[in-house]
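Visitor:
In the working numbering, the protein residues as written are 108 to 310.
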């Protein structure tokens with residue numbers, strides 16, 4: 108594919124993402140997804156030990172661990188290098204989910220007589236976009252379990268590769284969803300302007 112076409116598509120997708128931030132539906136998807144995936148990655152950053160600790164410490168201890176995981180999304184008690192990949196992946200996943208929620212709402216709104224089809228299409232979009240943070244979150248502790256404690260360097264290297272791949276997948280998914288979002292928003296603005304012009308002429 109021509110690199111200029113790719114660049115143009117990324118620019119349009121970026122415009123679509125900027126435009127959708129004005130929509131309430133986007134934030135209804137982004138906020139819970141961003142917090143959920145951020146907390147999940149913080150909880151699993153050291154394997155499954157935090158979950159075991161939650162069962163051992165009871166309700167109050169579990170709340171503290173969850174609270175620390177929530178604060179960790181924003182860099183509290185974390186080094187910059189530990190915080191950045193988790194924040195970046197949680198942010199990208201939040202944007203992906205926000206776009207999917209927005210697109211599903213628009214498909215339902217504009218095609219209410221065929222809601223089932225709209226839901227299937229949006230489900231396919233979600234599957235196509237994938238869940239890069241889920242892959243990173245779940246694979247990293249499993250890799251740690253496979254390798255011995257003397258192979259932490261290998262585990263770290265593999266984890267870094269997985270994180271980089273997750274970011275690449277998320278960005279490519281954002282391009283596809285961003286383009287569709289841009290097309291929908293621009294089309295709605297065009298139709299609204301035409302209706303306004305038609306109404307003005309009728310007066």
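We treat Cβ as the ideally placed atom computed from N, Cα and C, and that holds for glycine.
Just so it is clear, the structure is predicted and the values come from calculations on it, not from any experiment.
Using alpha carbons as the reference points, say which of 160, 208, 307 and 185 lies closest to residue 285.
Guide: 208
Visitor: CB residue 140 to CB residue 204, shorter than 9 Å?
Guide: yes
Visitor: So the alpha helix (DSSP H) residue 176 belongs to, where does it begin and stop?
Guide: Where residue 176 is concerned, the enclosing alpha helix (DSSP H) stretches over 156-179.
Visitor: Quick one: any contact between the segment 115-123 and the segment 281-298, if contact means 3 or more CB pairs under 8 Å?
Guide: yes
Visitor: Report buried or exposed for residue 183, applying the criterion of at least 16 other Cβ atoms within 10 angstroms of its Cβ.
Guide: exposed
Visitor: Please name the residue, chosen from 134, 132 and 174, that lies closest to residue 149 on a Cα-to-Cα basis.
Guide: 174
Visitor: Indicate whether residue 142 and residue 177 have their beta-carbon atoms separated by less than 9 Å.
Guide: yes
Visitor: Under DSSP, the alpha helix (DSSP H) around residue 131 begins and ends at which residues?
Guide: That run of the alpha helix (DSSP H) goes 131-151.
Visitor: Which stretch, first to last residue, makes up the alpha helix (DSSP H) that contains residue 112?
Guide: 110-127
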